[in-house]
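Participant:
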Amino acid sequence: MSATVPGPQGSGAGAPALVISGLGKRYGGVQAVDGISLELGPNERIGVIGPNGAGKTTLFKMIAGDVAPTTGTVELFGNDVTRTGTARRARMGVGRTFQVSNLFRDMSVIDNVRVAARGGSSKARIFWWPQLPTDDVSQRAGEALESVGLIDRRDDQVSDLSHGEQRQLEIAMALASEPKLLLLDEPAAGLSAAERTTLRQLIEELPRTLPILLIEHDMTLALGLTDRVMCMENGRHVVTGTPDEVREHETVKEIYLGRRDKK
Ligand SMILES: Nc1ncnc2c1ncn2[C@@H]1O[C@H](COP(=O)(O)OP(=O)(O)OP(=O)(O)O)[C@@H](O)[C@H]1O
Ligand SMILES: [Mg+2]
Numbered sequence: 057m058s059a060t061v062p063g064p065q066g067s068g069a070g071a072p073a074l075v076i077s078g079l080g081k082r083y084g085g086v087q088a089v090d091g092i093s094l095e096l097g098p099n100e101r102i103g104v105i106g107p108n109g110a111g112k113t114t115l116f117k118m119i120a121g122d123v124a125p126t127t128g129t130v131e132l133f134g135n136d137v138t139r140t141g142t143a144r145r146a147r148m149g150v151g152r153t154f155q156v157s158n159l160f161r162d163m164s165v166i167d168n169v170r171v172a173a174r175g176g177s178s179k180a181r182i183f184w185w186p187q188l189p190t191d192d193v194s195q196r197a198g199e200a201l202e203s204v205g206l207i208d209r210r211d212d213q214v215s216d217l218s219h220g221e222q223r224q225l226e227i228a229m230a231l232a233s234e235p236k237l238l239l240l241d242e243p244a245a246g247l248s249a250a251e252r253t254t255l256r257q258l259i260e261e262l263p264r265t266l267p268i269l270l271i272e273h274d275m276t277l278a279l280g281l282t283d284r285v286m287c288m289e290n291g292r293h294v295v296t297g298t299p300d301e302v303r304e305h306e307t308v309k310e311i312y313l314g315r316r317d318k319k
């Protein structure tokens, strides 16, 4: 456990899906992310935890290409993409869900997934919509819905789905682009206990060959679904280790259980 690049557990076969080195982002006077380094192995799942404002979403945005880092580098599948835009990174295989929902609420469930399957999870891509979906797109969209358990809701309007089902749909949309790396930003936010259980199962059942980076406030989920966990606070790295190591880490306990000494 250290602040330097922690290697994936039991790594061996294949290049890492993601390597970030010394990644930082400053917004005016706020150092949102401060020198974060991490390596995600080809079959690995890593949880990212930390209190509000820790820099987790900003870190994701730099990995996905929405935000240019002020320091450091991002490598995807062995390629330096630090200066590469979001669309190109998506085409390279970055699939993601957003902390704030990105669904077309007035469209049907299947049409949302078709838009994503055609290569865009961004709302800007709606301008592509007048094209008819190809068989391949429809097939991938159907398979993605099947894998999240929403195939029976395919023709319903998104606004008729429960909050939990909408979160499942967002994962289907990310899967429809056939990602090689999946970034999930608080997929369980706002879900009931029952919805969390469904979501947990869904993520557990995703292919182990798909590397995942999961931001999650729910410690049970974050630690239960991942091989390793990184904790951040105030933009900085606190610890990276196995779920057990992180659970027992003094600073993590202080952050999550409020046991910080007042000196
Ligand atoms: N576009 C922006 N402009 C200015 N400051 C920003 C911007 N985006 C994020 N920040 C600041 O950067 C810090 C990290 O924010 P970020 O959203 O990455 O945290 P987070 O760990 O995802 O928090 P949460 O758990 O609440 O989602 C915060 O202080 C936030 O206010
Ligand atoms: Mg966030």
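Yeah, the sequence shown ends on 319 if you go by our numbering, and it's all consecutive.
A virtual CB, placed ideally from N, CA and C, is assigned to each residue, including glycine.
#1: Which residues in the same chain have their Cβ closer than 6 Å to the Cβ of D216, if we skip the five residues on either side of it in sequence?
#2: Taking the Cβ atom as the reference point for each residue, do Q213 and S164 lie within a distance shorter than 7 Å?
#3: Give every residue of the same chain whose Cβ lies closer than 7 Å to the Cβ of R144, excluding the five residues on either side of it in the sequence, and list them in chain order.
#4: Ends of the alpha helix (DSSP H) at I207?
#5: N168 and L255 look like a contact to me (Cβ under 8 Å); what is the Cβ gap, rounded to whole Å?
#6: By the DSSP assignment, the beta strand (DSSP E) with Q224 in it spans what residues?
#7: What ranges does the beta strand (DSSP E) occupy inside the segment 83 to 111, keeping only unbroken runs of at least 3 residues that lie completely in it?
#8: In chain order, what residues of the same chain have a beta carbon less than 6 Å from the beta carbon of T138, not counting five sequence neighbours either side?
#9: Do T113 and ligand 1 come close, with the Cβ less than 6 Å from some heavy atom?
#10: Provide the residue(s) that pair with D136 in DSSP beta bridges, ordered along the chain.
#11: With burial defined as no fewer than 16 other Cβ atoms inside 10 Å of the residue's Cβ, what is the status of Q257: buried or exposed?
#12: Please report the distance separating the alpha-carbon of S177 from that of L240.
#13: From the DSSP secondary-structure annotation, give me the bridge partner or partners of R152.
#14: Relative to ligand 2, is the shortest distance from any of its heavy atoms to the C-beta of Q87 smaller than 6 Å?
#15: Between which two residues does the alpha helix (DSSP H) carrying V285 extend?
#16: Return yes when at least one heavy atom of ligand 2 lies under 6 Å from the C-beta of Q155, else no.
#17: Nearest to S203 by alpha carbon, out of M118, D90, A232, D211?
#18: For R174, which three-state DSSP category applies?
#19: Nearest to H273 by alpha carbon, out of G246, E260, T265, R292?
#20: Can you give me the start and stop residues for the alpha helix (DSSP H) that L270 sits inside?
#21: How about the segment 79 to 90 and the segment 281 to 296: do they share at least three Cβ pairs that are nearer than 8 Å?
#22: Who are the near neighbours of R82 in its chain, counting only those whose CB is closer than 8 Å to its CB and skipping five residues on each side?
#23: Which of the three DSSP states is assigned to G280 in this structure?
#24: Grab me the residues of S77's own chain with a C-beta within less than 7 Å of its C-beta, minus the 5 sequence neighbours each way, in chain order.
#25: Is any heavy atom in ligand 1 found nearer than 6 Å to the beta carbon of G246?
Facilitator: Looking at the coordinates:
#1: none
#2: yes
#3: none
#4: Per DSSP, I207 belongs to no alpha helix (DSSP H) and is neither H nor E.
#5: Actually they do not touch by this definition, with Cβ atoms about 18 Å apart.
#6: Careful: Q224 lies outside any beta strand (DSSP E), inside the alpha helix (DSSP H) at 219 to 232.
#7: You should have 86 to 96, 101 to 105.
#8: T129, V130
#9: yes
#10: Paired residues: E131.
#11: exposed
#12: For S177, the predicted model reports a pLDDT of 42, less than 50, meaning its position is unreliable and no value from the coordinates is stated.
#13: For R152, the pairing in a beta bridge is given by DSSP as L239.
#14: no
#15: It is not in any alpha helix (DSSP H) - V285 instead sits in the beta strand (DSSP E) that spans 284 to 289.
#16: yes
#17: A232
#18: coil
#19: The shortest CA-to-CA distance from H273 to any of G246, E260, T265, R292 is the one to G246.
#20: Element bounds for L270: not the alpha helix (DSSP H) but the beta strand (DSSP E), 268 to 271.
#21: Below 8 Å, enough C-beta pairs join the segment 79 to 90 and the segment 281 to 296 to call them touching: three or more.
#22: A88, T126
#23: In this structure, G280 counts as helix in the three-state DSSP scheme.
#24: V61, S93, G128, T129
#25: Not so, every heavy atom of ligand 1 lies at least 6 Å from the Cβ.
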